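Have a look at the structure below, then the notes.
In the numbering used here, the protein residues as written are 276 to 404.
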């Protein structure tokens with residue numbers, strides 16, 4: 276696997292990270308990327324804080340009260356394909372982030388933010404300073 280085309284930390288999981296993150300706008304895609312990889316690159320809290328920054332930026336752009344679609348592109352296979360990807364991540368508890376994947380599937384930005392905040396607290400308790 277090439278470090279450029281298919282980095283190992285994005286290829287671990289039920290599918291490649293870009294298959295999911297590419298369906299979202301830049302900020303949500305980056306949040307997904309950082310949640311996806313936070314256990315794989317040795318700096319989990321830093322990656323989760325980056326994810327939180329992108330989520331809060333999205334919140335600032337759209338506001339939590341607005342009904343805004345976080346998905347930019349509907350994948351081949353439609354919404355069922357997207358739901359299937361998120362179900363796979365949830366069932367695998369990928370990156371110990373089930374609440375994040377569920378909130379993402381529900382198009383719940385506030386839930387995504389809460390899930391990442393909880394992940395940060397959990398990592399801070401277990402990661403040596």
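The beta carbon of each residue, even a glycine, is placed where N, CA and C say it ideally should be.
Note that this is a predicted model, so its numbers are computed, not measured.
Cβ-based neighbour list, residue i, same chain, cut-off 8 Å, excluding 5 preceding and 5 following
{"i": "residue 361", "result": "295, 376, 377, 379 and 380"}
{"i": "residue 397", "result": "371"}
{"i": "residue 358", "result": "380"}
{"i": "residue 402", "result": "319 and 320"}
Alpha carbon of residue i to alpha carbon of residue j, nearest angstrom
{"i": "residue 387", "j": "residue 353", "result": "22 Å"}
{"i": "residue 370", "j": "residue 312", "result": "7 Å"}
{"i": "residue 322", "j": "residue 383", "result": "21 Å"}
{"i": "residue 399", "j": "residue 315", "result": "16 Å"}
{"i": "residue 317", "j": "residue 299", "result": "25 Å"}
{"i": "residue 374", "j": "residue 336", "result": "23 Å"}
Nonlocal neighbours in the same chain, by C-beta distance under 7 Å from residue i, ignoring five residues either side
{"i": "residue 372", "result": "310, 390 and 394"}
{"i": "residue 287", "result": "315"}
Contact under 7 Å by Cβ, residue i with residue j
{"i": "residue 367", "j": "residue 319", "result": "no"}
{"i": "residue 332", "j": "residue 302", "result": "yes"}
CB contact below 7 Å: residue i versus chain D
{"i": "residue 395", "result": "Going by chain labels, chain D is absent from the structure shown, which holds only one protein chain."}
Neighbourhood of residue i by C-beta distance below 6 Å, restricted to the same chain and skipping five residues each side
{"i": "residue 364", "result": "376"}
Taking one C-beta from the stretch 305-314 and one from the stretch 322-339 each time, how about it: are there three or more such pairs within less than 8 Å? yes
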